[in-house]
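Q: Quick note: to get the numbering used here, add 2 to the position in the sequence shown (first position is 1). No residue lacks a Cβ here, since even glycine has one placed at the ideal position from N, Cα and C.
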Amino acid sequence: MDATIATFLIQDGLTNGAIYALLGLAIVLVFAVTRVIFIPQGEFVAYGALTLAILDTGQVPATPKLLLCFGAVAFLLDLWSWRRSFAMRDLVKNIALNLGLPLAIYGAVLYLAPLQLPSFIRALIAVSIIAPMGLYVYRIAYRPLADASVLVLLITSVGVHLAMLGLGLIFFGPEGLRAAPLHDGSFTLGPLLVTAQSVLIYLMTILIMVGLYFFFEKTLLGKALRATAVNRLGAQLVGVRTQLTGSTAFVLAATIAAISGVLLGPITTIYYDTGFLIGLKGFVAAILGGMGSFPITAIAAIGVGMVESFASFFASNYKEIIVFGLIVPVLIWLSLGANHHEED
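Below, the structure written as structure tokens:
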């Protein structure tokens, strides 16, 4: 391997690592606030990429219909939870959020999809379809179990992952799709040919990290999420609405995953089940970051991307084994420092 090949591998590792960094940050965010190991994160990536690919053809994707289904189920669950304490104000809010929002998005997509709008507008439409799914998934699957153990929440995540995987097969089919690049430009940097799509991935990763920093440091809702992450019960005692912080964390995670999908869709073919493997690599980065540190998770994600890139060159058949094997020494180290005790 010469310097030119190494440079190409480093570029590929940085590009993949930037995507894994976004997913790792979202996984850490959801876990810190809700104690949920968000396994379905990868499905939102696949949904975002496939939605953009279908929008590129001028057709209406199936995801707005899926969003309507999620909203309808959340609406019925809210009605059931209010069966003993019904309030008209809550009903109006429920209709607007769970039925009005999906219907508005569906109507907008029906009108805008055939117009062949610029690529960035299509990407925004795809993100706007996928982001509210985080809210409905939280309401349907996780909010009723907010006080359950981490093990129960993990089992729930596995169930949600399998359900969304099946829905992806139903709504998108088994064929892979590839979206059009958000920008066709490219330039040379020494021996490298750097595409505008790669630059967009780097820029969006940096912008999202900076945006999350200011959100958590400068906004009241962000500080409420931090308080919930530190001590959920203590946050409730001082008036923080943990249901709001939980739903906010899931919406942010779904938004980040959708953005990752529209960035990743133009550089590789995405299938309905592709997101699971991508999400697992973001999870590896989150584990390496201790499931609690955003900066360390981002650095670890770049490392995961680099290891994957060089492993694909030297031992492509064992690439996934090498990547997932990175967490073994970390887990052993953490287990040695943990205080073991029997739980009731």
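#1: Could you name the residues of the same chain whose beta carbon sits closer than 6 Å to that of glutamate 45, not counting the 5 residues immediately before and after it, in chain order?
#2: When you compare the CB of proline 331 with every CB in chain D, is at least one pair closer than 8 Å?
#3: Only counting runs of 4 or more residues, tell me where the alpha helix (DSSP H) segments fall wholly within the region 119-152, in order along the chain.
#4: DSSP three-state label for valine 62, please.
#5: Which value, in whole angstroms, describes the spacing of the CA atoms of phenylalanine 218 and lysine 225?
#6: In whole angstroms, give me the CA-to-CA distance for leucine 99 and threonine 299.
#7: Have a look at isoleucine 123 and leucine 103 and give me their C-alpha separation to the nearest angstrom.
#8: Can you tell me whether DSSP reads leucine 290 as helix, strand or coil?
#9: With DSSP collapsed to three states, give me the class of phenylalanine 189.
#10: Compute the distance between the beta-carbons of leucine 254 and leucine 31, then report whether it is under 8 Å.
#11: Figure out for me which residue from Asn18, Phe10, Ile12, Ala5 has the closest Cα to the Cα of glycine 281.
#12: Around the C-beta of arginine 234, are 16 or more other C-beta atoms found within 10 angstroms, so that it is buried, or is it exposed?
#13: Using the Cα positions of glutamate 344 and leucine 338, report the straight-line distance between them to the nearest angstrom.
#14: Compare the C-alpha of leucine 333 against each of Phe315, Phe316, Ala287, Leu137 and name the closest.
#15: Locate the alpha helix (DSSP H) running through valine 212, then write down its first and last residues.
#16: On the three-state DSSP scale, how would you describe leucine 184?
#17: So, helix, strand or coil for isoleucine 272, using DSSP?
#18: Per DSSP, what kind of secondary structure is phenylalanine 326 in: helix, strand or coil?
#19: Assuming leucine 125 contacts leucine 69 (C-beta within less than 8 Å), just tell me the rounded distance between them.
#20: Of the choices Leu78, Asp186, Arg180, Tyr144, whose alpha-carbon is the least far from that of alanine 251?
#21: Are the region 91-98 and the region 70-81 touching, with three or more C-beta to C-beta distances below 8 Å?
#22: Taking just the CA atoms, how far does proline 63 sit from isoleucine 132?
#23: Note down, in chain order, each residue of its chain lying with its Cβ closer than 8 Å to the Cβ of phenylalanine 312, except the 5 sequence neighbours on either side.
#24: Hey, leucine 27 and leucine 156 are a contact pair by Cβ (cut 8 Å); roughly how many whole angstroms apart?
#25: Could you please give me the residues that DSSP links to leucine 195 through a beta bridge?
#26: Are the beta-carbon atoms belonging to serine 121 and leucine 184 less than 8 Å from one another?
#27: Alpha carbons only, please: which of Ile172, Met135, Ile7, Ile21 is nearest the one belonging to tyrosine 377?
A: A quick look at the data gives this:
#1: In the sequence shown, the residue the question calls residue 45 occupies position 43. Contacts found: Met166, Gly277.
#2: In the structure shown, chain D cannot be found, because there is only a single protein chain.
#3: Within the region 119-152, the complete alpha helix (DSSP H) runs of at least 4 residues are 121-139.
#4: For the purposes of this step, residue 62 is taken as the residue at position 60 of the sequence shown. Residue state, collapsed to three classes: coil.
#5: Indexing the sequence shown from 1 puts residue 218 at position 216. Indexing the sequence shown from 1 puts residue 225 at position 223. Here the C-alpha atom of phenylalanine 218 lies approximately 5 Å from the C-alpha atom of lysine 225.
#6: For this step, residue 99 is matched to residue 97 along the sequence shown. For this step, residue 299 is matched to residue 297 along the sequence shown. Looking at the two C-alpha atoms, the distance is approximately 33 Å.
#7: Walking along the sequence shown from the start, residue 123 turns up at place 121. Walking along the sequence shown from the start, residue 103 turns up at place 101. The alpha-carbon atoms of isoleucine 123 and leucine 103 are separated by roughly 19 Å.
#8: For the purposes of this step, residue 290 is taken as residue 288 along the sequence shown, with counting starting at 1. In the three-state DSSP reduction, leucine 290 falls in the helix class (H, G or I).
#9: Numbered from 1 along the sequence shown, position 187 holds the residue referred to as residue 189. Correct three-state label for phenylalanine 189: strand.
#10: As a position in the sequence shown, residue 254 is number 252, starting the count at 1. As a position in the sequence shown, residue 31 is number 29, starting the count at 1. Contact: yes.
#11: As a working mapping, residue 281 is identified with position 279 in the sequence shown. For glycine 281, the closest alpha carbon among the candidates Asn18, Phe10, Ile12, Ala5 is that of Asn18.
#12: Sequence index remark: in the sequence shown, residue 234 carries index 232 (1-based). Classification of arginine 234: buried, given that the 10 Å Cβ count is 16 or more.
#13: Against the sequence shown, residue 344 aligns to sequence position 342. Against the sequence shown, residue 338 aligns to sequence position 336. Because the pLDDT at glutamate 344 is just 45, under 50, the model does not fix this residue reliably, and the point stays unresolved.
#14: What you label residue 333 is simply residue 331 of the sequence shown in a count that begins at 1. Its Cα nearest to that of leucine 333, the residue Ala287 stands out among Phe315, Phe316, Ala287, Leu137.
#15: Numbered from 1 along the sequence shown, position 210 holds the residue referred to as residue 212. Its alpha helix (DSSP H) spans residues 198-220.
#16: Numbered from its first residue, the sequence shown carries residue 184 at position 182. Note: leucine 184 maps to coil in three-state DSSP.
#17: In the sequence shown, the residue the question calls residue 272 occupies position 270. Strand at isoleucine 272.
#18: Residue numbering aside, residue 326 sits at position 324 when the sequence shown is read from its first letter. DSSP places phenylalanine 326 within a helical segment (H, G or I) once states are collapsed to three.
#19: Counted from its first residue, the sequence shown places residue 125 at position 123. Counted from its first residue, the sequence shown places residue 69 at position 67. The sequence shown places alanine at residue 125, rather than the leucine named in the question. Contact doesn't hold; Cβ gap of about 17 Å is too wide.
#20: One-based indexing of the sequence shown puts residue 251 at position 249. For alanine 251, the closest alpha carbon among the candidates Leu78, Asp186, Arg180, Tyr144 is that of Tyr144.
#21: The answer is yes - the region 70-81 touches the region 91-98, with three or more Cβ pairs under 8 Å.
#22: The count along the sequence shown starts at 1 and reaches residue 132 at position 130. The count along the sequence shown starts at 1 and reaches residue 63 at position 61. About 11 Å.
#23: Residue mapping note: residue 312 aligns to position 310 of the sequence shown, counting from 1. Taken in chain order, the residues that qualify are Leu11, Gly15.
#24: Taking the sequence shown and counting its residues from 1, one reaches residue 27 at position 25. Taking the sequence shown and counting its residues from 1, one reaches residue 156 at position 154. About 20 Å; that fails the 8 Å criterion.
#25: Reading the sequence shown from its first residue, position 193 is the one you call residue 195. DSSP lists Thr190 as partners of leucine 195.
#26: Reading the sequence shown from its first residue, position 119 is the one you call residue 121. Reading the sequence shown from its first residue, position 182 is the one you call residue 184. With a cutoff of 8 Å on beta-carbon distance, serine 121 and leucine 184 are scored as near each other.
#27: Residue 377 lies beyond the stretch modelled for the chain, which goes from 3 to 346, so this question has no answer here.
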